[in-house]
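Q: So the sequence shown is residues 7 to 390, counted in our numbering. Each residue gets a CB set at the ideal place from its N, CA and C atoms; glycine is no exception.
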Amino acid sequence: MKNRFSQQVHGQAQTFASFAHFREILDSCPYVTIVLNARRQIVFFNRALAALAGPFEESALFGRKFGDAMQCDHAEGGGCGTTEGCQTCGAFLAVEEGLKGLAASKECRLIRKVGCTTESLEIQVSVSPIVAGGERFVACYVRDISGEKRKEALERIFIHDILNSATGVELLAGALKCMVEGDASSFAGQIRACATQMVEEINSQKQLLAAEKDELAVSIVPLTTGSVIREVVEGTRGSALAQGRALQVAADSHDVTIESDPSILRRVLRNMLLNALEASHPGETIEVGCRDRGDEVEFWVNNPGMMPEPVRLQIFQKSFSTKGAGRGLGTYSMRLFSERYLKGAVTFRSTKSEGTRFLARYPKQLRAGVRSKSLQADCQSAAG
Numbered sequence: 007m008k009n010r011f012s013q014q015v016h017g018q019a020q021t022f023a024s025f026a027h028f029r030e031i032l033d034s035c036p037y038v039t040i041v042l043n044a045r046r047q048i049v050f051f052n053r054a055l056a057a058l059a060g061p062f063e064e065s066a067l068f069g070r071k072f073g074d075a076m077q078c079d080h081a082e083g084g085g086c087g088t089t090e091g092c093q094t095c096g097a098f099l100a101v102e103e104g105l106k107g108l109a110a111s112k113e114c115r116l117i118r119k120v121g122c123t124t125e126s127l128e129i130q131v132s133v134s135p136i137v138a139g140g141e142r143f144v145a146c147y148v149r150d151i152s153g154e155k156r157k158e159a160l161e162r163i164f165i166h167d168i169l170n171s172a173t174g175v176e177l178l179a180g181a182l183k184c185m186v187e188g189d190a191s192s193f194a195g196q197i198r199a200c201a202t203q204m205v206e207e208i209n210s211q212k213q214l215l216a217a218e219k220d221e222l223a224v225s226i227v228p229l230t231t232g233s234v235i236r237e238v239v240e241g242t243r244g245s246a247l248a249q250g251r252a253l254q255v256a257a258d259s260h261d262v263t264i265e266s267d268p269s270i271l272r273r274v275l276r277n278m279l280l281n282a283l284e285a286s287h288p289g290e291t292i293e294v295g296c297r298d299r300g301d302e303v304e305f306w307v308n309n310p311g312m313m314p315e316p317v318r319l320q321i322f323q324k325s326f327s328t329k330g331a332g333r334g335l336g337t338y339s340m341r342l343f344s345e346r347y348l349k350g351a352v353t354f355r356s357t358k359s360e361g362t363r364f365l366a367r368y369p370k371q372l373r374a375g376v377r378s379k380s381l382q383a384d385c386q387s388a389a390g
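#1: In the DSSP assignment, find the unbroken alpha helix (DSSP H) run with T362 in it and report its ends.
#2: Name the residue from H80, G84, Q14 whose alpha carbon lies nearest to the alpha carbon of T94.
#3: Less than 8 Å between the CB atoms is what I'm expecting for L169 and I197, so what's the real figure, rounded?
#4: So, for L247: in the same chain, excluding its five sequence neighbours on each side, which residues have a beta-carbon less than 8 Å away from its beta-carbon?
#5: Could you pull the start and end residues of the alpha helix (DSSP H) that K212 belongs to?
#6: Leaving out the 5 sequence neighbours to the left and right, which residues in its chain are closer than 8 Å to P288 when beta-carbon positions are compared?
#7: Would you mind sorting R373 into buried or exposed? The rule is 16 or more other CB atoms within 10 Å of its CB.
#8: Which whole runs of the alpha helix (DSSP H) in the stretch 247-333 are 4 residues long or more, in chain order?
#9: Taking the CB atoms as reference points, tell me whether V133 and G91 lie closer together than 8 Å.
#10: Can you tell me where the beta strand (DSSP E) with E125 in it begins and where it stops?
#11: Are C86 and F68 close, meaning C-beta to C-beta below 8 Å?
#12: Helix or strand or just coil, what does DSSP make of G171?
#13: In whole angstroms, what separates the C-alpha of R70 from that of H27?
#14: From the DSSP secondary-structure annotation, give me the bridge partner or partners of R53.
#15: Against chain C, with Cβ distances strictly below 8 Å, would E304 count as a contact?
#16: Nearest to V307 by alpha carbon, out of T362, T263, S111, Q203?
#17: Here's the rule I'm using: 16 or more other beta-carbon atoms within 10 Å means buried, otherwise exposed. How should A351 be labelled?
#18: By Cβ distance, which residues of its chain are closer than 6 Å to T21, with the 5 residues on each side in sequence left out?
#19: Please list, in chain order, all residues of the same chain as S12 whose beta carbon is under 8 Å from its beta carbon, the five residues on each side excluded.
#20: To the nearest angstrom, how far is it from the Cα of D5 to the Cα of A75?
#21: On the DSSP bridge list, what partners appear for I117?
#22: Output yes or no for whether 8 Å exceeds the beta carbon distance between V186 and A194.
#23: Helix, strand or coil: which one does DSSP assign to F68?
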């Protein structure tokens with residue numbers, strides 16, 4: 007199809023080309039940036055579009071619609087936006103929102119032919135309405151997310167497969183323990199404990215990945231804080247970090263009935279305990295407890311050591327760790343799970359006389375989207 011863009015498109019292109027340094031600024035952006043007119047025609051773009059579109063001369067891109075420029079297979083029938091497939095296209099839907107004066111962001115999957123090769127692309131199209139020269143336009147920012155989507159798919163497959171294998175080892179070790187006696191039974195028990203810990207770690211990673219993508223489902227049920235604490239403490243005693251260290255529930259800990267998500271709550275408390283164990287030394291005692299705070303409950307974990315100042319200032323940062331590269335998700339995930347899903351707050355205080363105490367406060371009755379106004383202020387006060 008020959009691309010003879012209209013005088014109107016030419017004038018609109020000149021409008022944007024006249025803006026001082028506009029092209030240079032857009033060319034410095036690593037993502038595709040396009041300006042579309044009210045007919046969804048390209049009137050301005052940066053160098054990244056030419057790289058993504060393929061064999062077109064840059065001048066041939068003016069006046070084309072995005073799908074035509076990308077050689078989308080749906081656009082072959084009658085042009086971009088005219089076929090049945092276009093009605094479910096994320097790019098088309100996002101641009102339509104932009105033409106209505108709304109900002110939008112959608113994912114788009116398209117198949118195209120470049121020469122004799124068929125390619126599948128996954129992109130994210132974000133749009134913003136703009137007005138220039140008294141006319142309405144849509145600025146589109148296009149990001150190739152094919153690599154991210156592939157990584158997500160591989161993560162899901164890997165976690166699914168390795169979790170199945172670890173669960174199988176756990177079940178077989180449990181069955182073996184019941185079939186043998188003496189040392190063999192003891193070894194089978196140790197294998198089962200290792201497999202159980204492996205399953206726990208895999209589930210922890212799976213839950214964290216879902217939480218970061220806002221895909222973690224919350225299941226609210228009645229539970230007692232005492233039973234949750236005991237379960238977490240007993241489950242953590244078998245970890246390698248707990249060897250030589252004492253884990254105990256505080257004598258004055260309250261047993262309170264609340265409505266929350268037990269799985270997410272256990273995850274936060276387990277991370278609090280593991281963090282305390284990592285910061286302690288053999289022979290030291292880690293204490294955990296719960297306090298009734300009226301409409302809220304407060305969990306706490308205490309270890310004898312005091313945090314150095316550089317650690318204290320970075321404690322909740324993602325991937326920060328005193329244990330080396332590739333660590334540092336424990337305290338980050340505590341805050342993520344607590345604030346985003348349990349509608350609470352996590353903080354800490356660390357002194358030479360009291361050691362380090364992490365505190366997590368939550369509403370007694372968890373409601374989706376509702377967070378107690380006093381939580382953050384009170385927890386910040388406690389940290390002081």
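A: With the structure as the only source:
#1: T362 -> not in any alpha helix (DSSP H); beta strand (DSSP E) instead, spanning 361-369.
#2: Answer by Cα proximity: H80.
#3: Contact flag wrong, Cβ pair sits at about 17 Å.
#4: L280, L283, E284
#5: Bounds of the alpha helix (DSSP H) holding K212 are 188-218.
#6: Result list for P288: Q249, G250, R251, in chain order.
#7: exposed
#8: 268-284, 315-320
#9: no
#10: Per DSSP, E125 is one residue of the beta strand (DSSP E) stretching across 123-138.
#11: No, these two residues do not count as a Cβ contact at 8 Å.
#12: For the record, residue 171 in the displayed sequence is Ser; it is not Gly. Helix at S171.
#13: Each residue's alpha carbon lies about 24 Å from the other.
#14: Answer by DSSP bridge pairing: none, since R53 is not bridged.
#15: Here chain C cannot be found, since the structure has a single protein chain.
#16: T362
#17: buried
#18: A138, G139
#19: G69, listed in sequence order.
#20: As shown, the chain starts at 7 and ends at 390. That puts residue 5 outside it, with no answer to give.
#21: S126
#22: Contact check for V186 against A194 passes: the beta carbons are separated by less than 8 Å.
#23: coil
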